[in-house]
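*Asks:*
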Amino acid sequence: MVDLSVKIGDLSLRNPVMTASGTFGYGTEFEDFVNFSRMGGIIVKGTTIRHREGNAYPRLAEVPSGMLNAVGLQNKGVDYFCENIYPTVKNYDTNVIVNVSGASIEDYVATAEKINDLEGIPAIELNISCPNVKQGGMAFGTSCSAAAEVVKAVRKAYNKTLIVKLSPNVTDIAEIARAVEAEGADSVSLINTIMGMAINAETRKPVLSTVTGGLSGPCVKPVALRMVWQVSKAVNIPIVGLGGIMNATDAIEFFLAGATAIEIGTANFIDPSVTMKVVDGIEDYLKRHNYESIKQIIGKLEL
Amino acid sequence: MSKKYQLDGTVIKNEWVTSTYFKMTLSFETLPEIKAGQFAELRIDETPTVFLRRPISIHDVRPENKEMDLLIQKVGDGTAWLSTRKEDDKVNVIFPLGNGFDTDVAENKPVLLVGGGVGIAPLLHLGRVLSSEGRKVHFLLGFRKEADILPLNAYKEVGEVFITTEDGSVGDKGFVTNHSLWKNADYARIFSCGPTPMMKALSTVAREKNIDCEVSLENKMACGVGACLCCVTQTHEGHKCVCTDGPVFNINELPW
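Respectively, the protein sequence lines represent chains A and B. The first sequence lines up with residues 1 to 303 when you count with this note's numbering. The second sequence lines up with residues 1001 to 1256 when you count with this note's numbering.
#1: Within a Cβ cutoff of 7 Å, which residues of the same chain sit near residue 304 of chain A, ignoring the five residues on either side of it in sequence?
#2: Where does the unbroken beta strand (DSSP E) through residue 99 of chain A begin, and where does it stop?
#3: On the CB-based measure, 16 or more other CB atoms within 10 Å of its CB, does residue 168 of chain A come out buried or exposed?
#4: I'd like to know whether the C-beta atoms of residue 1143 of chain B and residue 1165 of chain B end up nearer to each other than 9 Å.
#5: For residue 163 of chain A versus residue 240 of chain A, is the C-beta spacing smaller than 9 Å?
#6: Under a CB-based cut-off of 9 Å, is residue 1219 of chain B close to chain A?
#7: When you compare the CB of residue 1234 of chain B with every CB in chain A, is at least one pair closer than 9 Å?
#8: Quick check on this structure: which residue in A:158, A:103, A:280 has the alpha carbon closest to the alpha carbon of residue 52 of chain A?
#9: At 8 Å on the CB atoms, spell out the chain A contacts of residue 1149 of chain B, in chain order.
#10: Can you pull the chain B neighbours of residue 29 of chain A, defined as C-beta to C-beta under 7 Å?
#11: Using DSSP with H/G/I as helix, E/B as strand and the rest coil, what is residue 288 of chain A?
#12: Listing by chain order, which chain B residues have their CB less than 8 Å from the CB of residue 74 of chain A?
#13: Could you work out which residues of chain B lie near residue 92 of chain A, taking near to mean beta carbons separated by less than 7 Å?
#14: Quickly, what does DSSP pair residue 7 of chain A with across the bridge? List them, please.
#15: Looking only at C-alpha atoms, which of A:58, A:113, A:97 sits nearest to residue 79 of chain A?
#16: Just reading off the alpha helix (DSSP H) that residue 145 of chain A is part of, what are its end residues?
#17: Between residue 18 of chain A and residue 292 of chain A, is the Cβ-Cβ spacing less than 9 Å?
#18: Using a C-beta to C-beta distance shorter than 7 Å, which residues of chain A count as neighbours of residue 1049 of chain B?
#19: Applying the criterion that 16 or more other CB atoms from any shown protein chain within 10 Å of the CB defines a buried residue, is residue 289 of chain A buried or exposed?
#20: To the nearest angstrom, how far is the alpha carbon of residue 237 of chain A from that of residue 14 of chain A?
#21: Just to confirm, is the Cβ distance from residue 1099 of chain B to residue 1248 of chain B under 9 Å?
#22: Are there three or more Cβ pairs, one per stretch, closer than 8 Å when the segment 1205-1214 of chain B is compared with the segment 1051-1059 of chain B?
#23: Please report whether the beta-carbon of residue 1006 of chain B lies at a distance below 9 Å from any beta-carbon of chain A.
#24: Considering just the uninterrupted stretch of the beta strand (DSSP E) at residue 89 of chain A, what are its terminal residues?
#25: Would you mind telling me which residues of chain B sit closer than 7 Å to residue 24 of chain A, beta carbon to beta carbon, in chain order?
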């Protein structure tokens, strides 16, 4: 029996496999395909202080080995979550983590405060990296001072595990990671989507309603791995790695690069039971290499 | 919401029915109950330009044989790959997805099923369901020209078939909304699937004649299960997912 358990701040995960925000709904959408009790956690949709209709459509462009999305944080707001979603998800036999987004520091703080009161939510993932909203979102994640300011404010209002989701759309992701670590983040997750665009040559128009969107899928994995590796050398807090993970081998690569846990995102769209296969595959890998614990491979890239 | 399955289907038959449309028959160890108007997400392999599954409406089902038919138009690389599947090949399918048509019709009048192009696919299964409930079924099917007309024998077994072609080579000339049957149209409900401009024009006619009307929409999709929020359409209640809130909407829900 290998030990797959890891800790992110005060958060205990039975295994290091979670689902990425915006790719797994509230979990209920995938109930027919997975067993929640075999997952480390579910990170639910980006939640904002007020209802958001999201962007106009088209919101999706397929690209080789990936996709661009321009959803724009469509959600019904934190109060709706607390009243209508939380009563269901709190009963899941896994960690349910809320991804918190905002357009101002006040919004982030107010949303985090409301989630702080929910006993069944052990952590939040602070989204300072959404590329699809005009105001806020990524603006907080692309400068050290703005990232530090929002994390500092949320840290005061939120006393459980605080994971900060970083944007890859920066010159030096390591310095952003250091800035949020200094303000009390318990962990950083990376990467959010990479800003990209798609053009229809025939119509000479952009494919997405917003012109640009967030790139995800296996095409971003090399960038994500590189950033996890860079951040792992820069900070002492645990890293949650994500970006194009499609199978257990991909996941192992993130652990070797320095991730303590991983999130599976876009792969859920191709194979809704992929998380189960990744958990099994990680266990097989560890057995095959005679490891007793997942912790023995974290950051063990051999240079 | 019906229980969803991810299953490998075995290709029993895969044949071209016109130069651009093919019919794929898949057999399963267990075939879930499928409502008319529901769809499947088919995994595409071995195709570097294709990443996402392809949503395909369910054309016909034979529960006794655990088989379902998909009528597919070859559009891009994903559907091209599907068209090359041979007998005994496996295709991974997530289904049944979406809400399906509301076949619970109170009035004891005929129903009209209006399709255009590949949109006629789900109307066969729908016609069978309605007909098995003792309902008189009329199909009104629109095509560009004679060469585009899909095989209609199965439709003719289920109900009366009316055709329009844009060039007038077969049936009435023009679009489905130009057909002569509208002069005396008296239906309990209209069900439609086809190009959006066709369904928008149809919704205008349905409103004029005060006939209840459901339309099946399509959109680019990723997950198919209501998680990614990519396939939304505008409704009177804001953005709704075509994959789970639809694909079938009553025209009263839509700002058409």
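Every residue gets a Cβ at the ideal spot worked out from N, C-alpha and C, and that includes glycine.
*Replies:* From the atom records:
#1: The structure shown has nothing for residue 304 of chain A, since chain A only spans 1 to 303.
#2: 95-100
#3: buried
#4: yes
#5: Inclusion of residue 163 of chain A and residue 240 of chain A in the CB contact set at 9 Å is warranted, their separation being smaller than that value.
#6: yes
#7: yes
#8: A:103
#9: Simply none; closest approach about 27 Å.
#10: 1225, 1226, 1227
#11: Helix, per DSSP.
#12: Near residue 74 of chain A (Cβ distances below 8 Å), the residues of chain B are 1229, 1232, 1239.
#13: By Cβ distance, chain B contributes nothing, its closest Cβ being about 15 Å from residue 92 of chain A, past 7 Å.
#14: In the DSSP output, where bridge partners are listed per residue, residue 7 of chain A has A:12.
#15: A:113
#16: Its alpha helix (DSSP H) spans residues 144-157.
#17: no
#18: 64
#19: exposed
#20: Just so you know, the alpha carbons of residue 237 of chain A and residue 14 of chain A end up roughly 19 Å apart.
#21: yes
#22: No, because fewer than three Cβ pairs between the segment 1205-1214 of chain B and the segment 1051-1059 of chain B fall closer than 8 Å, the two stretches do not touch.
#23: yes
#24: For residue 89 of chain A, no beta strand (DSSP E) segment is defined; the enclosing uninterrupted segment is the alpha helix (DSSP H) at 86-89.
#25: Taking a Cβ-Cβ cut-off of 7 Å, the neighbours of residue 24 of chain A in chain B comprise 1227, given in sequence order.
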